[in-house]
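Notes follow the structure.
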Amino acid sequence: MGLDVDDTVSNHNAGGAAGRRLRVGVAGLGVIGGGAALQLAAPDSPYAFSAALVRDRTKPRPGLSPDVGVHDDPDAFLNAPLDMVIDALPDGAVGYALIKAALARGIGVVSANKQALAGRLAELHGTAKQHCAVLAYAASVGGGAPMVETVRRARAAGGVRSVTAILNGTVNFILTELAAGGAFQDAVKSAQAAGFAEPDPAADLSGEDARAKIAILSYEAFGEEIDLEAIAIEALDESKAADFAKAGGVWKQLARIEASGDRLAARVGFERVDADPFLRDVAGEGNALRVTTDDGETHDCTGKGAGRDPTVDSIFADLKAVRNAG
Ligand SMILES: NC(=O)c1ccc[n+]([C@@H]2O[C@H](COP(=O)([O-])OP(=O)(O)OC[C@H]3O[C@@H](n4cnc5c(N)ncnc54)[C@H](OP(=O)(O)O)[C@@H]3O)[C@@H](O)[C@H]2O)c1
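Residue numbers (the working numbering): 399 to 724.
Structure follows, in structure tokens:
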């Protein structure tokens, strides 16, 4: 997999591949990257935190060791001694360029950046394979719910027939508040105050966030990416909230992919789920996934879909898998 090992440190961690210290760089030191940086720098960390990429190098970064090189230029960042990069950038285009450049140098990538990956997985896996580098992205879908793993397991157990999922923690949080009688604008403010929604929650409310995630899951379920533009999305707004209140019952934003013959169809929209306890009972920022295989078996998972801790845990689960495979 083209990983160099930090020999000096690995001597202190004798015990085979699992004891080696991978040199890791973090792109983005915000909510997610900042959390990853804290774990990398922990005294008992089995990783060497080598470098960081940010937009503004002059910003004070309390707690960041002076040994960590801080860059604002992706090339300089990738020139640091790195085995793996954690992509916690908020921008799809910048993230995609960084992932591609890292893989092309044989540097592995663990990404939480769904916008960078959606629609480009086949290409990025091709680059990774060509340069013997690892590409992992469990944190990009489902936060702390192991969705990518669950879909892979279902696919291995039998062909996948359909995927149904609650993929946006912010929208689910707002829908939960609405179901409890809250007003739309108050629910959005509560989601922001709880740290789930961005200051501008447009990508969550429009359905674009869930669309990127279901596109990633379509690749995992069917080995094929659905064109993002071919995935219909339905937005959540004040008038839709009023429709739900009038209709009553429990409404969820569901992302679905269904295989029918050679065709794949995917969409993100709102459905009433009173009769389906698995989906109905997903509250707050929760996410849920149900995969149905060709033989009618179902594979489920649930978990917290947003927030620093579950997402960082998911990043480190991917890193650990790389370390153990090393
Ligand atoms: N927040 C969540 O709950 C969550 C959950 C799952 C996945 N994710 C994904 O994780 C990623 C990071 O989200 P976040 O909430 O941590 O974002 P964030 O808090 O806004 O942090 C963004 C970080 O990226 C840096 N940055 C921004 N643009 C850059 C550029 N062009 N070049 C270099 N650095 C740049 C910023 O640098 P400065 O510090 O200099 O401004 C900042 O450190 C996103 O892709 C998001 O979709 C987030």
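Think of the CB as a built atom: it goes at the ideal place given N, C-alpha and C, for glycine as much as any other residue. Everything numeric in this text was worked out from a predicted model, so none of it was measured.
For this session: Using only alpha-carbon positions, find the residue among 511, 545, 494, 674 that is nearest to residue 522.
Result: Counting from 1 along the sequence shown, the entry for residue 522 is found at position 124. Measuring from the Cα of residue 522, the nearest candidate turns out to be 494.
Exercise. Nearest-angstrom Cα distance between residue 697 and residue 528?
Worked result: The residue given as residue 697 occupies position 299 in the sequence shown. The residue given as residue 528 occupies position 130 in the sequence shown. The straight-line gap from Cα to Cα measures roughly 32 Å.
Problem set entry | Rounded C-alpha distance that separates residue 716 from residue 539 | Reading the sequence shown from its first residue, position 318 is the one you call residue 716. Reading the sequence shown from its first residue, position 141 is the one you call residue 539. Straight-line Cα distance between these residues: approximately 13 Å.
For this session: Using beta-carbon positions only, say whether residue 609 and residue 666 come within less than 9 Å of one another.
Result: Numbered from its first residue, the sequence shown carries residue 609 at position 211. Numbered from its first residue, the sequence shown carries residue 666 at position 268. Yes, they are a contact pair.
For this session: Could you spell out the range, first to last residue, of the beta strand (DSSP E) harbouring residue 722?
Result: For the purposes of this step, residue 722 is taken as the residue at position 324 of the sequence shown. Element bounds for residue 722: not the beta strand (DSSP E) but the alpha helix (DSSP H), 706-723.
Exercise. Is it the case that the CB of residue 514 approaches a heavy atom of ligand 1 more closely than 8 Å?
Worked result: Residue numbering aside, residue 514 sits at position 116 when the sequence shown is read from its first letter. The answer is yes for residue 514.
Problem set entry | residue 594: CB within 8 Å of a non-hydrogen atom of ligand 1 | Along the sequence shown, one-based indexing puts residue 594 at 196. Flag set: Cβ of residue 594 near ligand 1.
Exercise. Hey, residue 480 and residue 421 are a contact pair by Cβ (cut 8 Å); roughly how many whole angstroms apart?
Worked result: The residue given as residue 480 occupies position 82 in the sequence shown. The residue given as residue 421 occupies position 23 in the sequence shown. Right, the Cβ-Cβ distance comes to about 5 Å (below 8 Å), so this counts as a contact.
For this session: Look up residue 447 in the DSSP assignment and give the residues it is bridged to.
Result: Sequence index remark: in the sequence shown, residue 447 carries index 49 (1-based). In DSSP, residue 447 forms a bridge with 422.
Exercise. For residue 709, is the beta carbon positioned less than 8 Å from some heavy atom of ligand 1?
Worked result: As a position in the sequence shown, residue 709 is number 311, starting the count at 1. Yes.
Exercise. I think residue 680 touches residue 552, with their Cβ atoms under 8 Å apart; what is that distance to the nearest whole Å?
Worked result: Indexing the sequence shown from 1 puts residue 680 at position 282. Indexing the sequence shown from 1 puts residue 552 at position 154. The pair is not a contact, with the Cβ atoms about 19 Å apart (cut-off 8 Å).
For this session: Return the residue from the list 554, 423, 436 that minimises the CA-CA distance to residue 473.
Result: Working through the sequence shown from its first residue, we reach residue 473 at position 75. Here the closest residue by C-alpha is 423.
For this session: Quick one: residues in its chain with C-beta nearer than 7 Å to the C-beta of residue 368, no 5 flanking neighbours on either side, listed in chain order?
Result: What is shown of the chain runs 399 to 724, which leaves residue 368 out entirely.
Exercise. What did DSSP end up calling residue 463 once you bin it into helix, strand or coil?
Worked result: Walking along the sequence shown from the start, residue 463 turns up at place 65. Three-state result, residue 463: coil.
Problem set entry | Rounded C-alpha distance that separates residue 458 from residue 452 | On the sequence shown, position 60 is the one that residue 458 refers to. On the sequence shown, position 54 is the one that residue 452 refers to. In a straight line, the C-alpha of residue 458 is about 11 Å away from that of residue 452.
For this session: Assign residue 704 to buried or exposed, taking buried as 16 or more other Cβ atoms, counted over all protein chains shown, within 10 Å of its Cβ.
Result: Mapped onto the sequence shown, residue 704 falls at position 306. Burial call: buried.
For this session: Check whether the Cβ of residue 457 lies closer than 8 Å to any heavy atom of ligand 1, and answer yes or no.
Result: For the purposes of this step, residue 457 is identified with residue 59 of the sequence shown, where counting begins at 1. Because some heavy atom of ligand 1 lies under 8 Å away, the Cβ of residue 457 counts as near it: yes.
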